[in-house]
Ligand code: FES
Ligand SMILES: [Fe+2]
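Residue numbers (our numbering), protein chains in the order written: chain A, 234 to 612; chain B, 6 to 70.
Below you can see the structure in the form of structure tokens.
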């Protein structure tokens with residue numbers, strides 16, 4: 234695979250894209266699990282889904298059973314969802330934990346901070362301790378986690394740089410958006426399932442080259458020349474527009490805007506893929522996050538959540554405008570499904586060599602490929 | 006007690022187990038009492054009921070934790 238990776242690392246004019254195997258081969262997918270998803274900070278879920286202390290939600294993260302819970306300090310914690318006794322799954326569905334996490338098998342109980350609190354009958358009936366048994370060493374296995382822009386990021390390997398460093402460049406770029414944002418519930422949440430490797434969803438998201446063809450509706454107000462590439466060698470890439478115009482309701486009112494934004498954001502909006510699997514968009518009045526969940530090599534679930542700048546825009550009086558905004562984004566993302574799935578099918582063409590890039594338009598995709606290749610070569 | 010298991014109400018169940026423990030203590034059956042106390046304690050812990058503490062203390066007094 235070394236030579237394949239070398240072709241990816243060439244300057245864009247000479248480069249080829251990632252070879253087919255990266256999209257179709259189970260072995261590569263398995264390797265990618267460790268090198269790309271476990272070794273870095275990957276998106277797992279959304280903090281809004283566990284809003285209250287004791288709220289817990291299970292996840293299957295590339296086959297790894299995990300759950301997230303909000304602890305007594307109000308912090309999100311992520312644990313392996315496996316009991317330290319016989320390995321039973323602890324949390325099977327979204328649940329509110331009132332006191333302790335009780336394993337459904339032999340009822341060992343864990344506190345929200347992971348401590349093993351009680352082990353009923355472990356020393357025989359009615360005897361809850363045993364001299365040869367040390368509870369204190371049997372807490373839940375915790376996975377490193379960090380919440381940013383409501384996304385719960387995890388680093389399974391435990392040895393990635395601190396999140397603040399990992400995300401330093403993208404945070405720097407979007408510093409002005411480091412402020413509260415508000416989710417309005419079900420009308421601001423939807424998901425799509427695509428028969429494609431997750432990387433094709435990233436690649437399609439971060440380029441604007443396809444806009445005039447795949448999203449002709451956007452053409453009327455957002456022309457190709459109004460878009461710019463964002464490539465900074467900072468674990469992200471994407472595109473921006475110079476002509477964002479907010480959605481208006483019947484009386485010509487728009488959503489409220491984030492405070493203190495510089496003039497640039499009057500008209501600009503940006504869309505960044507934050508590697509590996511989270512796609513973000515920011516506008517002066519709302520933002521969104523898309524989590525890409527790989528379910529095998531050739532299937533991906535996209536979870537889309539929209540957030541508003543002003544808390545009062547999450548109320549019922551704005552429900553109609555929010556519905557229209559969600560609908561607009563759903564249409565755009567649905568328009569992308571056939572190309573993402575089509576590229577997946579195309580990658581079963583044995584003669585495809587990863588493809589040639591437009592030296593001008595494909596920078597963000599090339600950057601992503603370089604990053605992926607780097608994860609496999611330790612670069 | 007089986008009925009309470011069936012309705013899946015941990016708080017009710019916990020109280021019933023504690024009652025059973027009391028009765029076993031009255032008939033000097035410490036083993037049985039500690040079994041029931043354990044059941045009551047675990048359920049109270051799960052439900053976050055404050056009286057889990059007093060159940061824990063009872064078990065500790067018996068050297069069962
Ligand atoms: S497997 Fe969890 S208590 Fe036995
Ligand atoms: Fe698109």
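Don't be surprised by glycine CBs; every beta carbon is placed ideally from N, CA and C.
C-alpha distance - residue i paired with residue j, whole-angstrom precision
i, j, result
"residue 585 of chain A", "residue 311 of chain A", "41 Å"
"residue 401 of chain A", "residue 381 of chain A", "12 Å"
"residue 393 of chain A", "residue 303 of chain A", "23 Å"
"residue 276 of chain A", "residue 484 of chain A", "38 Å"
"residue 606 of chain A", "residue 237 of chain A", "9 Å"
"residue 604 of chain A", "residue 253 of chain A", "17 Å"
"residue 489 of chain A", "residue 482 of chain A", "12 Å"
"residue 415 of chain A", "residue 544 of chain A", "6 Å"
"residue 421 of chain A", "residue 309 of chain A", "22 Å"
"residue 234 of chain A", "residue 300 of chain A", "Bear in mind that a pLDDT of 48 at residue 234 of chain A, under 50, signals an unreliable position, so the number given afterwards is only what the model happens to contain. Each residue's Cα considered, the two are about 35 Å apart."
"residue 289 of chain A", "residue 456 of chain A", "44 Å"
"residue 317 of chain A", "residue 383 of chain A", "30 Å"
"residue 399 of chain A", "residue 16 of chain B", "45 Å"
"residue 344 of chain A", "residue 23 of chain B", "22 Å"
"residue 283 of chain A", "residue 330 of chain A", "11 Å"
"residue 527 of chain A", "residue 325 of chain A", "20 Å"
"residue 286 of chain A", "residue 333 of chain A", "12 Å"
"residue 59 of chain B", "residue 32 of chain B", "21 Å"
"residue 65 of chain B", "residue 432 of chain A", "56 Å"
"residue 397 of chain A", "residue 44 of chain B", "45 Å"
"residue 53 of chain B", "residue 320 of chain A", "24 Å"
"residue 471 of chain A", "residue 513 of chain A", "9 Å"
"residue 560 of chain A", "residue 274 of chain A", "30 Å"
Beta-carbon gap between residue i and residue j smaller than 8 Å
i, j, result
"residue 315 of chain A", "residue 581 of chain A", "no"
"residue 464 of chain A", "residue 600 of chain A", "yes"
"residue 63 of chain B", "residue 48 of chain B", "no"
"residue 358 of chain A", "residue 36 of chain B", "yes"
"residue 430 of chain A", "residue 480 of chain A", "no"
"residue 608 of chain A", "residue 268 of chain A", "yes"
"residue 570 of chain A", "residue 427 of chain A", "yes"
"residue 537 of chain A", "residue 423 of chain A", "yes"
"residue 26 of chain B", "residue 38 of chain B", "yes"
"residue 475 of chain A", "residue 389 of chain A", "no"
"residue 51 of chain B", "residue 342 of chain A", "yes"
Amino acids of chain A, ordered along the chain, whose beta-carbon sits closer than 8 Å to that of residue i
i, result
"residue 6 of chain B", "Result: empty, since nearest Cβ-Cβ is about 16 Å, beyond 8 Å."
"residue 4 of chain B", "This structure leaves residue 4 of chain B out entirely; chain B is present only between 6 and 70."
Closer than 7 Å at the beta carbon, the chain A residues around residue i
i, result
"residue 24 of chain B", "Here the premise fails: no neighbours, minimum Cβ distance about 16 Å."
"residue 69 of chain B", "359, 360 and 361"
Beta-carbon neighbours of residue i, restricted to chain B and to distances below 9 Å
i, result
"residue 298 of chain A", "Within 9 Å Cβ-Cβ: nothing; residue 298 of chain A doesn't reach chain B, min ~21 Å."
Identity of the residue in the options nearest residue i by Cα
i, options, result
"residue 266 of chain A", "A:395, A:536, A:530 and A:590", "A:530"
"residue 498 of chain A", "A:473, A:486 and A:468", "A:473"
"residue 469 of chain A", "A:527, A:496, A:492 and A:404", "A:404"
"residue 370 of chain A", "A:268, A:352, A:378 and A:517", "A:352"
"residue 372 of chain A", "A:527, A:307 and A:323", "A:323"
"residue 519 of chain A", "A:555, A:527 and A:241", "A:555"
"residue 590 of chain A", "A:248, A:239 and A:355", "A:248"
"residue 506 of chain A", "A:366, A:440 and A:341", "A:440"
Closer than 7 Å at the beta carbon, the chain B residues around residue i
i, result
"residue 340 of chain A", "47"
"residue 290 of chain A", "Those within 7 Å of residue 290 of chain A in chain B number zero; the least Cβ separation is about 18 Å."
Closer than 8 Å at the beta carbon, the chain B residues around residue i
i, result
"residue 350 of chain A", "50"
### Task
Inspect the CB distances between the region 591-606 of chain A and the region 430-439 of chain A and report whether three or more fall short of 8 Å.
These segments touch.
### Task
Could you please go through the chain and list the residues whose beta-carbon is closer than 5 Å to any non-hydrogen atom of ligand 4?
Ligand 4 is not part of this structure, which contains only ligand 1 and ligand 2.
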